[in-house]
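Chains as they are written, first to last, in the working numbering: chain A, 676 to 1113; chain B, 38 to 331.
Yeah, the Cβ is synthetic: ideal placement off N, Cα and C, and Gly gets one too.
All values reported here derive from a predicted model rather than from experimental measurement.
Okay, structure first, notes after.
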Ligand SMILES: Nc1ncnc2c1ncn2[C@@H]1O[C@H](COP(=O)(O)OP(=O)(O)O)[C@@H](O)[C@H]1O
Ligand SMILES: Nc1ncnc2c1ncn2[C@@H]1O[C@H](COP(=O)(O)OP(=O)(O)O)[C@@H](O)[C@H]1O
Ligand SMILES: [Mg+2]
């Protein structure tokens, strides 16, 4: 900017340092600008990718939270529900609710007589509809003998049609809904009997072969149990190991050897841990397959090295003056560590643990090896119930042929991301909570 | 006769010559000599060091050091940086144990007990021999907890009231009470440098030690804070034995009765502070005192 030479130079005849520096300034500024540009470009690129990811997933996934429902007037006929007149709950729970639905549909379309048409008509309704009716009756036995208007889920193909993923103009053989069914649907729509409604099924139910009945609850519970177990096992063990290695272990060949191996373990592909878990926990110790208990043991093996490495790093970063202060007034080694060093190292250790847990949350490969990929409908009630986890559920749904599973997959990814964000938020909160001003 | 006389004359002559040369060289100790000059013993010794050597790995940081430190005495260690003052100071409460490569040989007795005995526990030793460090290092806890920590872990207070009393008394002795009495729950690390150092001294005396080691306690402080700490040392010397490392000769002159001069791992000269500063015997001491040595 200011290129007028300074009046005062130390040695007459020689250019002043100011002038020399001034000349090289343009080049330095350019380098700085270039560097800043690269940085901003990188951030913009990353944000763009993130945006595309979110838009794509959200755009595909939000429809999973609504479900097309049909309004049917069901006559809860005593002769169907309780043919023997026993009036027991047992009879009500075994009754043929599908028949009630069929009767109601036939009432709406009295002209349908041929077997083929009947099949087309009945196929509109989800197979889960009868369970819903049964639940209604078991909840309120007073319904028996009355007629009630009920919203029931339609089959996934119809749902997909409603959500606009089936082209009505396509050749009949190319679409999953035939012309006859389209005709039924148009008439039902005209009667205001079909409607997209918010459905909690996705959050309250387990997996199912029928997309309209499939929910994330089983996998979510499985993930929660597995991660809880992983954290409860790996954090204390990891912190204890880090403290021992960093503070107590003698410095010799053995500790060097252990250190190298811990670092190596952190880089071992996760599927190897899955194989190890299969061989050790399932085949040798005989723990039940497909369960969170085995899952968390395997993930513990996988996350331990990360936690140990992060733990040692944060112990190392505690200033030695704090140790000296404690030792100097006669605190024992253990008191020094537990009263002063560990409280200062805990925020860093938590960060390491959360990074490890986030990795464990997204892990699929090792869990495939221990059978957590099985198709499990029930929601796990404990650590030894068969279950699956979110990423495996995503894999399973993404792999399913039905079009309706596409939105479920995206919705499951959304749940996984929310889980992840919640976990990271918790980590930041805990770190802030334990962090001390220096 | 002549022969005998001749001999006598010769003897006289050589004697005279010796006396003259002695007179000339009496204060002249060889500059290369590393034997300690001055009185290393004390009339009422508390700490007795004999032939102490300290090694960092292969590197010898203290060579054959012998010194006695008297009861209720303030002794200062002076010398150029890197000469081993801190190293020797830290052998007295075995803080060097924390440095893996550090090894100590020789004998250090406190009240007649060798502190490097195998069966001696450092916990009571360090409770008895407190230490104040060069850089103020309060715990990142409240002012109260900083002072109360020592009494708590050693079980010096039976209940909260006694603990409060110890904290108050220690802070008063350290001359900090009036400045912090209204904010005992604030972080100790939030105080100014001089206050932090006085807090560290309060923390040390809260354990009621017998000997206090201070490693350049004022080197990070301004003159006002330094003056406060020097006054504090003078008061503390009535109850404690104090060993202080300092780079300031004025400070050594002000606070200590005895001074020891170190030079690259050797104890060169010990003596009454006055003598050391006015009449150093060893040329190296003289160089340092007169500022001819960095
Ligand atoms: N932790 C250590 N490891 C290895 N050498 C050390 C260590 N501390 C000090 N030394 C060496 O010991 C010598 C004396 O150091 P020190 O006692 O700190 O000197 P002073 O306190 O007199 O400045 C120096 O040469 C220094 O390099
Ligand atoms: N990085 C900083 N952030 C906030 N406050 C500061 C910072 N550095 C200094 N201060 C404050 O500014 C004031 C003057 O500090 P400083 O210039 O360092 O004083 P001096 O060098 O005279 O000791 C002090 O009250 C100090 O707390
Ligand atoms: Mg030093």
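Near ligand 1, meaning a Cβ closer than 5 Å to any of its heavy atoms, lie the following residues in chain order: B:93, B:98, B:118, B:119, B:120, B:121, B:122, B:123, B:124 and B:136. Residue state for residue 254 of chain B is assigned as coil, using DSSP reduced to three classes. Along the stretch 123–150 of chain B, going in chain order, the ones with a CB nearer than 9 Å to a CB of chain A are 130, 132, 134, 135 and 137. Residue pairing of residue 237 of chain B in beta bridges, as defined by DSSP: absent, with no partner found. With a threshold of 8 Å between beta carbons, residue 1020 of chain A makes no contact with chain B. Here residue 1051 of chain A is not near residue 1059 of chain A, since their CB atoms are 8 Å or more apart. Chain-ordered, the chain A residues with CB closer than 9 Å to the CB of residue 244 of chain B read 1004 and 1005. Note that the stretch 208–225 of chain B does not touch the stretch 116–135 of chain B; fewer than 3 beta-carbon pairs, one per stretch, sit closer than 8 Å.
When rounded, the separation of the alpha-carbon atoms in residue 977 of chain A and residue 969 of chain A is 12 Å. Counting C-beta pairs closer than 8 Å gives three or more between the stretch 99–118 of chain B and the stretch 72–80 of chain B, which meets the contact rule. The beta-carbon separation of residue 775 of chain A and residue 755 of chain A, rounded to 6 Å, stays under the 8 Å limit for a contact. Ranked by how close their Cα comes to the Cα of residue 854 of chain A, the residues A:1016, A:980, A:833 and A:867 have A:833 in first place. Ligand 3 has a heavy atom closer than 7 Å to the beta-carbon of residue 253 of chain B. DSSP places residue 92 of chain B within a strand segment (E or B) once states are collapsed to three. For residue 863 of chain A, the enclosing alpha helix (DSSP H) has its first and last residue at 854–865. Annotation: the stretch 774–834 of chain A contains the following complete segments of the alpha helix (DSSP H) (minimum length 4 residues), in chain order: 790–797 and 804–814.
In its chain, beyond the 5 residues on either side, 320 have a beta carbon closer than 6 Å to the beta carbon of residue 68 of chain B.
Membership of residue 1028 of chain A in the alpha helix (DSSP H) is indicated by the continuous run 1017–1036.
With a beta-carbon spacing of about 20 Å, residue 951 of chain A and residue 1036 of chain A fall beyond the 8 Å limit used to define contacts.
Annotation for residue 280 of chain B indicates a beta carbon at 7 Å or more from all heavy atoms of ligand 3.
The continuous alpha helix (DSSP H) containing residue 910 of chain A extends over residues 892–918.
Residue 294 of chain B sits in coil when the DSSP states are folded into three classes, being neither helix nor strand. Of all alpha-carbon atoms in A:1065, A:814 and A:1030, the one lying nearest the alpha-carbon of residue 1043 of chain A is that of A:1065. With a beta-carbon spacing of about 5 Å, residue 98 of chain B and residue 121 of chain B fall inside the 8 Å limit used to define contacts. In the three-state scheme derived from DSSP, where H, G and I count as helix and E and B as strand, residue 303 of chain B is classed as strand.
With fewer than 16 other beta carbons inside 10 angstroms of its own, residue 791 of chain A counts as exposed. For the stretch 978–997 of chain A, the residues whose beta carbon sits under 7 Å from a beta carbon of chain B are, in order, 996 and 997. Proximity of residue 1000 of chain A to chain B, defined by a Cβ-Cβ separation below 8 Å, is satisfied. For the pair residue 1019 of chain A and residue 997 of chain A, the CB atoms are nearer than the 8 Å cut-off. The residue among A:891, A:1009 and A:979 with its C-alpha nearest the C-alpha of residue 1054 of chain A is A:891. Here DSSP, grouped into helix, strand and coil, assigns residue 213 of chain B to coil. Within 8 Å of the CB of residue 926 of chain A, the CB atoms of chain B belong to 137, in sequence order along the chain. Taken atom to atom, the span from the alpha-carbon of residue 757 of chain A to that of residue 772 of chain A is near 11 Å.
With respect to residue 66 of chain B, residue 1010 of chain A sits apart: the two C-beta atoms are not nearer than 8 Å. Using a Cβ-Cβ distance cut-off of 8 Å, the stretch 1069–1082 of chain A and the stretch 878–888 of chain A are in contact, since at least three pairs of beta carbons, one from each stretch, lie closer than that value. Taking a 10 Å sphere around the C-beta of residue 686 of chain A, we find fewer than 16 other C-beta atoms and assign the residue as exposed.
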